[in-house]
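J.: Using UniProt numbering, read the sequence shown as starting at 1 and increasing by one per residue.
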Amino acid sequence: MFFDMHADVWTDNLWEYEKGKNDVIRRKYKDKFIKGGLFGGIFVIYMDAFNTPDVEEVFFKSLRAMSEELYHSRDLVHIIKDYEDFEKAEKQNKFGVILGIEGLPGIGSNLDYLYLLKRTGVRHIGMTWNEENAFATGQRGDVNRGLTDLGIKAVEIIENLGILLDVSHANDKTFWDIAKYSKKPFFASHSNARSLCPSMRNLTDEQILCIGERNGMIGMNSYHGFVSKNEKEKNLDMLLNHMEYIAEKIGLDKVGFGFDFAEYYSTPDDEDEGLQGVHDVTEIGNVKKALEKRGYSKEEIENIAYKNFVSFFERVRGK
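1) Buried or exposed: which applies to S73, given that a residue is buried once 16 or more other Cβ atoms fall within 10 Å of its Cβ?
2) Can you grab the Cα-Cα spacing for the pair E159 / T148, in whole Å?
3) Within the chosen definition, does the stretch 52-70 reach the stretch 81-95 through at least 3 CB pairs nearer than 8 Å?
4) Between which residues of its own chain and D280 is the CB-CB distance below 7 Å, once the five residues before and five after are set aside?
5) Determine the burial state of T267: buried for a count of at least 16 other Cβ atoms within 10 Å of its Cβ, exposed for fewer.
6) Could you please give the first and the last residue of the uninterrupted beta strand (DSSP E) stretch that includes A7?
7) Enumerate in chain order the residues of its own chain whose CB-to-CB distance from L291 is below 8 Å, with the five nearest sequence positions on each side excluded.
8) I'd like the span of the beta strand (DSSP E) that includes Y245, first residue to last.
9) Taking C-alpha atoms, which residue in I42, D48, L70 lies nearest to D23?
10) Assess contact between the stretch 209-216 and the stretch 228-245, defined as three or more Cβ pairs (one per stretch) separated by less than 8 Å. Is contact present?
11) Among the residues of its own chain, which have a CB less than 8 Å from the CB of Y181, if the five just before and after it don't count?
12) With G285 as the anchor, note down where its alpha helix (DSSP H) starts and where it stops.
13) Quick one: grab the DSSP three-state call for H224.
14) Relative to the C-alpha of N215, which residue among A170, L165, N221 is closest?
15) Could you tell me if S228 is buried or exposed, where buried requires 16 or more neighbouring beta carbons within 10 angstroms of its beta carbon?
16) By alpha-carbon positions, which one of L196, A134, I79 ends up nearest to L122?
17) In three-state terms, what does DSSP make of G106?
18) Grab the span of the beta strand (DSSP E) containing V255 for me, first residue to last.
19) Given a cut-off of 8 Å on the beta-carbon distance, is the pair G256 and F43 in contact?
20) Enumerate, from N- to C-terminal direction, the unbroken alpha helix (DSSP H) stretches of 4 or more residues contained entirely within the stretch 44-112.
21) Going by beta carbon distance, what residues of the same chain come within less than 8 Å of Y29, once the five residues before and after it are set aside?
22) Per DSSP, which one or two residues make a beta bridge with M127?
23) Mapping DSSP to helix, strand and coil, what is G212?
24) Report buried or exposed for F313, applying the criterion of at least 16 other Cβ atoms within 10 angstroms of its Cβ.
25) Is F187 helix, strand or coil when you go by DSSP?
26) Which residue wins for smallest C-alpha separation from L76, given the options F135, Q139, N308, D31?
27) If you draw a straight line from the C-alpha of L38 to the C-alpha of G219, how long is it?
28) Since residue 333 and Y245 should fall inside the 8 Å C-beta cutoff, what is the C-beta to C-beta distance between them, to a whole number of angstroms?
29) Can you tell me the Cα-Cα spacing of C197 and G251, whole angstroms?
30) If you compare alpha carbons, which of I101, E213, V167, N308 is closest to M200?
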């Protein structure tokens with residue numbers, strides 16, 4: 001079974017609720033998750049601050065829709081808030097879901113909302129989704145702008161609350177500011193190696209080493225544009241090359257997968273963004289087969305698939 005460190009499930013969930021359709025996980029995803037061998041994941045609320053003028057209003061709409069969906073799917077989903085919840089989810093045969101926020105433009109400049117998010121069950125926060133906001137700077141922002149003064153305070157609050165701090169989407173300046181001001185391990189939930197694929201969304205060797213030194217972890221991203229710029233290499237084998245490259249630097253115990261499948265945020269008109277070999281959640285089993293083919297043991301595959309993340313969660317929040 002696999003734990004997906006990044007899934008934009010709440011994006012599609014909001015769209016479905018706006019059409020008057022609830023029970024989304026049961027209707028659209030339960031069978032897919034089971035087919036793919038998905039144990040659970042970090043399901044995030046993502047906001048496109050560039051194309052959403054009323055971003056705060058839409059953020060709270062998504063938060064409300066997520067909360068209602070969690071009621072309808074309460075027999076399917078166990079919310080992971082603390083370490084013991086992983087075992088509870090497994091024993092109850094439910095999907096173990098961490099509630100996440102991908103970028104903070106939806107809370108404006110309100111630091112106190114971080115406490116509200118913690119009380120609603122949120123245990124994951126990325127400071128930005130590519131944009132400049134009140135706290136941090138993403139990949140499409142000013143390269144010389146990183147964390148703001150508010151952002152430095154936000155990092156302190158996030159860590160004090162025991163929320164996982166995610167640097168995927170942060171620009172390089174924000175990354176190094178987070179490394180400077182944070183005290184706990186942090187992670188990149190869905191980023192690959194920039195040396196193998198020169199996308200700014202991927203990590204430099206120095207950033208990879210920093211995450212390793214801080215006892216964090218990195219999730220491999222299956223979005224084809226972050227796997228390779230060569231059309232012939234946009235496949236599962238190349239994704240595993242990223243995993244091995246990173247593991248060589250920081251250890252096999254600090255890698256996993258944050259697949260970032262497009263099925264949760266794409267529309268019928270969007271370009272097909274799936275990766276050959278692991279196109280969507282139903283094909284996650286191919287990752288296990290490919291790892292076996294490369295000679296990884298059952299124990300190593302289990303660690304990569306989900307146990308490494310459980311250990312990381314413990315390092316941040318404790319047992």
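Yeah, the Cβ is synthetic: ideal placement off N, Cα and C, and Gly gets one too.
T.: Based on what the coordinates show:
1) Along the sequence shown, one-based indexing puts residue 73 at 73. Its Cβ being crowded by 16 or more others within 10 Å, S73 is buried.
2) Along the sequence shown, one-based indexing puts residue 159 at 159. Along the sequence shown, one-based indexing puts residue 148 at 148. When rounded, the distance between both Cα atoms is 17 Å.
3) no
4) As a first step, residue 280 is located in the sequence shown; it is residue number 280 there, counting from the start. Here the set comprises F261, E263, G274.
5) As a working note, residue 267 is residue 267 in the sequence shown. Answer is exposed; the Cβ neighbour count stays below 16.
6) On the sequence shown, position 7 is the one that residue 7 refers to. Its beta strand (DSSP E) spans residues 2-7.
7) In the sequence shown, the residue the question calls residue 291 occupies position 291. So the qualifying residues of the chain are L240, E300, I301, I304.
8) Translated into the one-based positions of the sequence shown, residue 245 becomes position 245. No beta strand (DSSP E) holds Y245; the alpha helix (DSSP H) holding it covers 236-250.
9) Reading the sequence shown from its first residue, position 23 is the one you call residue 23. The option with the nearest alpha carbon to D23 is L70.
10) no
11) Your numbering for residue 181 matches position 181 in the sequence shown. Once the five neighbours on either side are set aside, the close Cβ partners of Y181 are L147, I152, V155, E156.
12) Within the sequence shown, numbered from 1, the residue matching residue 285 stands at position 285. From DSSP, the alpha helix (DSSP H) with G285 extends over 285-293.
13) One-based indexing of the sequence shown puts residue 224 at position 224. If DSSP states are grouped into helix, strand and coil, H224 belongs with the helices.
14) Translated into the one-based positions of the sequence shown, residue 215 becomes position 215. Comparing Cα-Cα distances from N215 to each of A170, L165, N221, the minimum goes to L165.
15) Numbered from 1 along the sequence shown, position 228 holds the residue referred to as residue 228. Buried, since its Cβ has 16 or more Cβ neighbours within 10 Å.
16) The sequence position of residue 122 within the sequence shown is 122, counting from 1. The sequence shown places Val at residue 122, rather than the Leu named in the question. Out of L196, A134, I79, I79 has the C-alpha closest to the C-alpha of V122.
17) Your numbering for residue 106 matches position 106 in the sequence shown. Residue state, collapsed to three classes: helix.
18) Counting from 1 along the sequence shown, the entry for residue 255 is found at position 255. Segment 255-257, the beta strand (DSSP E) holding V255.
19) Position 256 of the sequence shown, counting from 1, holds the residue named residue 256. Position 43 of the sequence shown, counting from 1, holds the residue named residue 43. Result no, Cβ atoms of G256 and F43 do not sit closer than 8 Å.
20) 55-72, 84-91
21) Counting from 1 along the sequence shown, the entry for residue 29 is found at position 29. Counting only Cβ-Cβ distances below 8 Å, and skipping sequence neighbours, we find V9, V281.
22) For the purposes of this step, residue 127 is taken as residue 127 along the sequence shown, with counting starting at 1. According to DSSP, which records beta bridges pairwise, M127 is partnered with nothing at all.
23) Mapped onto the sequence shown, residue 212 falls at position 212. Helix, per DSSP.
24) Locating residue 313 in the sequence shown gives position 313, where the first residue counts as 1. That one is buried.
25) As a first step, residue 187 is located in the sequence shown; it is residue number 187 there, counting from the start. In this structure, F187 counts as strand in the three-state DSSP scheme.
26) Along the sequence shown, read from residue 1 onward, the residue named residue 76 stands at position 76. The residue with the shortest Cα to Cα distance from L76 is D31.
27) Position 38 of the sequence shown, counted from the first residue, corresponds to residue 38. Position 219 of the sequence shown, counted from the first residue, corresponds to residue 219. Going by the C-alpha atoms only, they are around 15 Å apart.
28) Residue 333 is absent from the structure shown; the chain starts at 1 and stops at 319.
29) In the sequence shown, residue 197 corresponds to position 197, counting from 1. In the sequence shown, residue 251 corresponds to position 251, counting from 1. Answer to the nearest angstrom: the Cα atoms are 20 Å apart.
30) Locating residue 200 in the sequence shown gives position 200, counting from the first residue. Ranking I101, E213, V167, N308 by Cα distance to M200 puts V167 first.
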